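Reviewing the structure listed below.
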Amino acid sequence: MKGLHLTADLYRCRCEAAWLTDAAKLGAWCVEAVQAVGLEAVDHLFHTFPATAKGPGGVTATVLLAESHVCLHTWPEERAVTCDVYVCNFSGDHSAKARGLMYALVNRFQPEWTEQRSLDRGEE
201 MKGLHLTADL YRCRCEAAWL TDAAKLGAWC VEAVQAVGLE AVDHLFHTFP ATAKGPGGVT
261 ATVLLAESHV CLHTWPEERA VTCDVYVCNF SGDHSAKARG LMYALVNRFQ PEWTEQRSLD
321 RGEE
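Per my numbering, the very first residue in the sequence shown carries number 201; after that it's consecutive.
Structure representation (structure tokens):
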């Protein structure tokens, strides 16, 4: 079960507001980004939450990968996003692809700052 788990918390995102509120737009782009780095999407779920008194609802976008998953959660009222990319390295080392995908995700949202973490999972 050896794998790589990357997380990023993105703050004060300067992207177009639709990237934080439009599940279909964000989801379609996520699938394209997965394919662009050479990972394989096998299913997906994109959901927009209802608006609240604080503003428009956020989005959860999840893409199931043959290699594991990518998941995003947006908070438009805070212009914030959390990103999760996990790949197992059972059939080969997908670590570079996971890092490339995380790089694309962070760039999509143009945050003023990020907090990123990397966790090696499983035994050698």
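Where is the CB? At the ideal position from N, CA and C, for every residue including glycine.
The model shown is predicted, which means the values in this text are computed figures rather than measured ones.
- Query: What is the DSSP secondary structure of S268, counted as helix, strand or coil?
  - Reply: Numbered from 1 along the sequence shown, position 68 holds the residue referred to as residue 268. Residue state, collapsed to three classes: strand.
- Thinking C-alpha only, which one of G238, C283, C288 and M302 is nearest L204? By one-based count along the sequence shown, residue 204 stands at place 4. Checked all of G238, C283, C288 and M302; the closest Cα to L204 is C288.
- Item | CB-CB length for R321 against M201, believed under 8 Å | Residue numbering aside, residue 321 sits at position 121 when the sequence shown is read from its first letter. Residue numbering aside, residue 201 sits at position 1 when the sequence shown is read from its first letter. The pair is a contact, with the Cβ atoms about 7 Å apart (cut-off 8 Å).
- Query: Could you give the residue range of the alpha helix (DSSP H) that holds E315?
  - Reply: To locate residue 315, count along the sequence shown from 1; it is residue 115. Looking at the DSSP string, E315 is not in any alpha helix (DSSP H); the run it does join, the beta strand (DSSP E), is W313 to R321.
- Any 3 or more C-beta pairs closer than 8 Å across the region 295 to 310 and the region 245 to 253: Contact between the region 295 to 310 and the region 245 to 253 is absent, because fewer than three Cβ pairs lie under 8 Å.
- Message: Suppose you measure from the CA of G227 to the CA of W313; what does that come to, to the nearest Å?
- Response: As a working mapping, residue 227 is identified with position 27 in the sequence shown. As a working mapping, residue 313 is identified with position 113 in the sequence shown. Whole-angstrom Cα-Cα distance: 23 Å.
- Message: Pull the bridge partners of C146 from the DSSP assignment, please.
- Response: The question about residue 146 has no answer, for the chain in this structure spans 201 to 324.
- Message: I'd like the list of long-range same chain contacts for Q235, defined as Cβ closer than 7 Å, with 5 residues on each side in sequence excluded.
- Response: Along the sequence shown, one-based indexing puts residue 235 at 35. Excluding residues within five positions, the ones whose Cβ falls inside 7 Å are A241.
- Task: Measure how close the beta-carbons of A223 and A261 come, nearest whole angstrom, since I'm counting them as under 8 Å.
- Result: Position 23 of the sequence shown, counted from the start, is the residue given in the question as residue 223. Position 61 of the sequence shown, counted from the start, is the residue given in the question as residue 261. Their Cβ separation, rounded to whole angstroms, is 6 Å, which keeps A223 and A261 in contact under 8 Å.
- Can you find a heavy atom of the ligand GTP that lies under 6 Å from the Cβ of Q316? This structure does not include the ligand GTP; it has no bound ligands of any sort.
- Message: Measuring only the C-alpha atoms, how far is E232 from T252?
- Response: Counted from its first residue, the sequence shown places residue 232 at position 32. Counted from its first residue, the sequence shown places residue 252 at position 52. Taking the straight line from one Cα to the other gives about 30 Å.
- Straight-line CA distance for G255 to W275? Numbered from its first residue, the sequence shown carries residue 255 at position 55. Numbered from its first residue, the sequence shown carries residue 275 at position 75. So the alpha carbons of these two residues sit roughly 10 Å apart.
- Query: Alpha carbon to alpha carbon, how far is F309 from C215?
  - Reply: Reading the sequence shown from its first residue, position 109 is the one you call residue 309. Reading the sequence shown from its first residue, position 15 is the one you call residue 215. Going from the Cα of F309 to the Cα of C215 covers about 5 Å.
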